[in-house]
Amino acid sequence: GYASGIFPVTLLFAVRDQLAFGWKAVGDFPGRASVEHILIPLDVPSVVQAATAAENGVFHGAPTPSTVNTYLYKVLGTAEPAKAAAGVIMIGKRIVNVLYGHGAELTPLQLDDLQSVCESAAQAYARLIAVQKKKK
Numbered sequence: 021g022y023a024s025g026i027f028p029v030t031l032l033f034a035v036r037d038q039l040a041f042g043w044k045a046v047g048d049f050p051g052r053a054s055v056e057h058i059l060i061p062l063d064v065p066s067v068v069q070a071a072t073a074a075e076n077g078v079f080h081g082a083p084t085p086s087t088v089n090t091y092l093y094k095v096l097g098t099a100e101p102a103k104a105a106a107g108v109i110m111i112g113k114r115i116v117n118v119l120y121g122h123g124a125e126l127t128p129l130q131l132d133d134l135q136s137v138c139e140s141a142a143q144a145y146a147r148l149i150a151v152q153k154k155k156k
């Protein structure tokens with residue numbers, strides 16, 4: 021909900037085995053129905069990888085030219101944006117999701133909000149895991 025209020029194009033990736041799998045999409049863009057076909061390796065330059073490599077887990081800026089970014093925007097059916105943002109959701113040291121959006125220039129406060137949303141999602145996952153462990 022947070023990202024859809026800021027970005028016209030929003031994706032949520034599930035991460036496993038150093039691969040980001042397209043999972044959910046919000047927005048009106050041509051490739052929305054194809055998001056589940058997106059597969060991005062985290063060890064290759066891309067907007068998603070830039071977030072995973074960032075010290076604070078958030079990237080915002082112009083996408084650097086790369087084969088993976090070209091593939092991403094082709095599947096989305098959009099032109100490469102002037103600015104994109106991505107935030108990492110982690111449980112401990114394990115990346116579980118990457119939240120991606122483009123089509124908006126973020127202020128420093130909005131970048132802080134993106135980081136907070138990712139941290140809150142991680143805390144929510146931790147609570148869900150704790151509840152499941154108690155049930156066993």
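Numbering (my numbering), first residue to last: 21 to 156.
Glycine included, each C-beta is placed from N, C-alpha and C at the ideal position.
At a Cβ-Cβ threshold of 8 Å, lysine 103 and glycine 77 do not count as neighbours. Excluding five sequence positions before and after serine 24, the CB atoms of its chain that fall closer than 8 Å to its own CB belong to Thr30, Val46 and Gly47, given in chain order.
Put simply, of Cys138, Glu125 and Val116 the residue whose alpha carbon is nearest the alpha carbon of phenylalanine 33 is Val116. Under DSSP, the beta-bridge partners assigned to isoleucine 60 are Ala40. Distance from the Cα of leucine 131 is smallest, within the candidate group Ala74, Ala150, Arg52 and Arg114, for Ala74.
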